[in-house]
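2 protein chains.
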Amino acid sequence: MSTDPVWPEEIFTDLDRSGPVPLYFQISSRLERAIREGVIPAGARLENEISIGERLGLSRPTVRRAIQELVNKGLLVRRRGIGTQVVQARVSRPVELTSLHEDLTRAGHRPSTRVLSLERIAADEHEAQRLQVEPGTEITRLRRLRSTDGTPMAVLENLLPPEFTDITAETLEAHGLYELLRKRGVTIKIANQVIGARRTHGDEHELLDIPKGSPLLTMDRVAFDHGGRVIEAGHHCYRPDLYSFETTLVSR
Amino acid sequence: MSTDPVWPEEIFTDLDRSGPVPLYFQISSRLERAIREGVIPAGARLENEISIGERLGLSRPTVRRAIQELVNKGLLVRRRGIGTQVVQARVSRPVELTSLHEDLTRAGHRPSTRVLSLERIAADEHEAQRLQVEPGTEITRLRRLRSTDGTPMAVLENLLPPEFTDITAETLEAHGLYELLRKRGVTIKIANQVIGARRTHGDEHELLDIPKGSPLLTMDRVAFDHGGRVIEAGHHCYRPDLYSFETTLVSR
DNA sequence: GAGTGGTCTAGACCACTGA
DNA sequence: CAGTGGTCTAGACCACTCG
Chain A
1 MSTDPVWPEE IFTDLDRSGP VPLYFQISSR LERAIREGVI PAGARLENEI SIGERLGLSR
61 PTVRRAIQEL VNKGLLVRRR GIGTQVVQAR VSRPVELTSL HEDLTRAGHR PSTRVLSLER
121 IAADEHEAQR LQVEPGTEIT RLRRLRSTDG TPMAVLENLL PPEFTDITAE TLEAHGLYEL
181 LRKRGVTIKI ANQVIGARRT HGDEHELLDI PKGSPLLTMD RVAFDHGGRV IEAGHHCYRP
241 DLYSFETTLV SR
Chain B
1 MSTDPVWPEE IFTDLDRSGP VPLYFQISSR LERAIREGVI PAGARLENEI SIGERLGLSR
61 PTVRRAIQEL VNKGLLVRRR GIGTQVVQAR VSRPVELTSL HEDLTRAGHR PSTRVLSLER
121 IAADEHEAQR LQVEPGTEIT RLRRLRSTDG TPMAVLENLL PPEFTDITAE TLEAHGLYEL
181 LRKRGVTIKI ANQVIGARRT HGDEHELLDI PKGSPLLTMD RVAFDHGGRV IEAGHHCYRP
241 DLYSFETTLV SR
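Take a look at the structure:
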């Protein structure tokens with residue numbers, strides 16, 4: 001009890017018990033902001049779960065769940081018999097279920113997209129397998145060039161199942177694929193990703209303005225809805241000098 | 001209630017209420033095995049949480065926690081008002097807080113390691129910053145070649161802080177770095193990773209038996225203990241035809 | 001021994017879904 | 001409407017760490 005594991009009271013004013021936002025989420029998001037802004041410094045110890053609950057008028061499981069969220073994000077470390085501490089390590093944004101377009105916008109950049117091709121085709125064997133449809137099914141094949149602040153950054157190739165054959169190039173140049181899918185009520189529940197590297201093929205070096213045969217960082221993704229249906233299958237390649245994948249791993 | 005969301009009773013026999021293994025973990029791990037082995041098929045619906053609890057003599061929060069584990073792993077999908085279903089999509093192993101050596105062993109391969117160099121040096125500015133020590137501190141610099149079934153696969157460069165200056169090349173050729181650290185009671189709590197790509201430098205193409213200037217998949221990692229101290233900083237490069245990073249992402 | 005997080009119980013009310 | 005998961009409460013006992 002020599003150290004004072006407290007924080008400014010005002011972090012947790014105005015908890016809304018009637019609205020739709022869960023209490024544990026209100027707690028964890030405010031706590032996260034306070035940590036990221038340095039209001040609660042790295043290495044600081046939190047109060048124990050029970051007294052936090054008493055101060056806020058919450059039960060221990062609710063407080064505990066809020067803290068668990070930040071433990072999972074790698075912002076806090078809990079140790080039995082010791083307490084809860086703010087992590088010293090700089091935390092990077094995890095690989096999330098978001099699109100490149102959204103990642104860039106959030107990072108303060110202004111992404112732009114050029115649709116290189118947008119075709120409705122009959123799926124060949126390989127494409128049909130990726131989308132889990134019958135070969136010959138009419139699907140959408142899409143190829144885009146994504147730039148950031150005017151610099152070409154990635155070539156995005158995507159396959160879409162039959163239900164999305166009405167997407168137009170104009171909307172794609174303005175809005176990012178995932179944003180369009182969400183607007184149609186399509187929810188991505190799970191995605192499998194494989195990250196790798198290879199040389200440029202075909203016209204990729206011209207599109208990305210790099211030497212022919214240069215290394216590319218690649219990401220292959222298949223996204224599923226709640227029923228296990230494939231929503232989208234993508235093969236993306238990035239200029240490795242402009243893009244990389246960051247993750248924070250937390251031991252369980 | 002038309003579908004019968006049940007499973008073989010024998011999955012959950014022999015729950016151990018006195019041992020050190022939490023009940024929720026016993027449930028989730030057995031359930032995971034049953035799903036991975038196909039005993040519970042993809043798309044099957046689970047019973048609701050309350051009746052599972054009654055059948056097993058457990059409270060709802062305990063059952064719920066077990067299910068949540070598998071939702072987080074991407075094996076189950078829960079929807080309010082609907083129920084819980086086994087995911088249809090094939091699930092890949094997530095990027096975990098494990099070493100390459102352990103990943104390979106678990107995948108049934110026989111990794112071998114050649115220690116290329118193992119030096120105790122005074123940290124230059126850049127190395128000191130990565131390990132978060134003072135420049136000039138005596139650290140360990142380590143360079144290894146990791147092969148699988150005889151084929152060279154990755155060049156692993158690591159920096160270790162002063163407390164590990166007594167590690168020998170012999171133990172490193174047999175045991176993998178993380179295994180050695182764990183044996184000394186060192187626990188890695190958090191790691192930041194950046195995955196990227198670049199050309200080969202220096203002698204890397206010779207070591208990996210690929211053309212000079214070929215693409216490499218790279219991973220930079222800094223691992224921390226519970227107190228935020230750096231345990232290890234690594235720069236690894238992999239032959240992209242032999243290695244890639246797989247992840248399953250689950251929407252929150 | 002005092003204090004911490006880890007686990008577990010037995011209820012409760014609500015929001016959402018489908019028939 | 002009944003059934004589902006999402007949230008929340010108010011306790012309890014335990015294992016672990018430290019002084």
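Chains A and B supply the protein sequences, listed in that same order. The numbering of the first sequence is full-length UniProt numbering, which starts it at 1 and goes up by one. The numbering of the second sequence is full-length UniProt numbering, which starts it at 1 and goes up by one. Backbone N, C-alpha and C fix where the C-beta goes; we use that ideal spot for every residue, glycine too.
query: Spatially closest choice to Glu125 (chain B) from B:Glu134, B:Leu118 and B:Glu119, by CA coordinates; result: B:Glu134
query: Chain-order list of residues whose beta-carbon lies under 7 Å from that of Ser2 (chain A) (same chain, five-residue window excluded); result: Note that Ser2 (chain A) scores a pLDDT of 39, beneath 50, so its modelled location is shaky; the value from the coordinates is reported in the next line. Excluding residues within five positions, none has a Cβ falling inside 7 Å.
query: Residues near His226 (chain A) in its chain [Cβ-Cβ closer than 6 Å; skip 5 each side]; result: Lys189
query: Sequence-distant residues of its chain with Cβ nearer than 7 Å to Ile35 (chain A) (five each side left out); result: Leu75 and Val86
query: Inter-stretch contact at 8 Å, needing at least 3 Cβ pairs: the segment 148-161 of chain B / the segment 203-213 of chain A; result: no
query: For Ile27 (chain A), the first and last residue of its enclosing alpha helix (DSSP H); result: Leu23 to Arg36
query: Within-8 Å CB hit, Gln68 (chain B) to chain A; result: no
query: Per-residue contacts from Val196 (chain B) into chain A (C-beta, under 7 Å); result: The sequence given here places Gly at residue 196 (chain B); Val does not occur at that position. Those are Leu217, Pro240 and Ser244, listed as they occur along chain A.
query: Lys183 (chain B) to Thr62 (chain A) span [Cα, whole Å]; result: 36 Å
query: Test: Thr140 (chain B) CB closer than 8 Å to a CB of chain A; result: no
query: Chain A contacts from the segment 183-194 of chain B (Cβ-Cβ distance under 8 Å); result: Thr187, Ile188, Lys189, Ile190, Ala191, Asn192, Gln193 and Val194
query: Extent of the continuous alpha helix (DSSP H) to which Glu134 (chain A) belongs; result: Glu134 (chain A) -> no alpha helix (DSSP H), and no H or E assigned at all.
query: C-beta atoms of Gly53 (chain B) and Arg60 (chain B) nearer than 8 Å; result: yes
query: Member of B:Asn158, B:Arg114 and B:Val222 whose CA lies at the smallest distance from the CA of Glu170 (chain B); result: B:Arg114
query: DSSP three-state assignment for Tyr238 (chain B), whether helix, strand or coil; result: strand
query: Residues from the segment 31-60 of chain B in contact with chain A, defined by Cβ distance under 8 Å; result: Ala42 and Gly43
query: Chain-ordered chain A contacts of His226 (chain B) [CB-CB under 8 Å]; result: Val77, Arg79 and Gln85
query: Counted within 10 angstroms of its Cβ, other Cβ atoms place Val161 (chain B) as buried (16 or more) or exposed; result: Reading off the sequence shown, one finds Pro at residue 161 (chain B), where the question assumed Val. Per the 10 Å Cβ criterion, buried.
query: Nearest candidate by alpha-carbon position, reference Ile82 (chain A), set A:Pro41, A:Ala122 and A:Asn48; result: A:Asn48
query: Glu102 (chain A), enclosing alpha helix (DSSP H) - first and last residue; result: Leu100 to Arg106
query: Expected contact under 8 Å - CB spacing of Arg120 (chain A) and Thr165 (chain A) to nearest Å; result: 5 Å
query: Test: Val21 (chain A) CB closer than 8 Å to a CB of chain B; result: no
query: Buried or exposed by the 16-neighbour rule on C-beta atoms within 10 Å, applied to Pro41 (chain B); result: exposed
query: Alpha helix (DSSP H) runs contained entirely in the segment 147-217 of chain A, provided each spans 4 or more residues; result: 169-175, 177-183 and 204-208
query: Residues sharing a beta bridge with Arg55 (chain B), DSSP; result: According to DSSP, Arg55 (chain B) bridges with nothing at all.
query: Neighbour flag for Arg199 (chain B) against chain A, beta carbons, 8 Å; result: yes
query: Check whether Ser99 (chain B) and Gly19 (chain B) have beta carbons under 8 Å apart; result: no
query: 8 Å Cβ cutoff, Gly202 (chain A) in contact with chain B; result: no
query: First through last residue of the beta strand (DSSP E) which encompasses Ile121 (chain B); result: Pro111 to Ala122
query: Cβ pair Phe12 (chain B), Arg30 (chain B) closer than 8 Å; result: yes
query: As assigned by DSSP and simplified to three states, the class of Leu15 (chain A); result: coil
query: Within-8 Å CB hit, Gln88 (chain A) to chain B; result: yes
query: Cβ-heavy atom distance, Gly43 (chain B) to the ligand NAP, below 7 Å; result: Because no ligand of any kind appears in the structure shown, any question about the ligand NAP cannot be addressed here.
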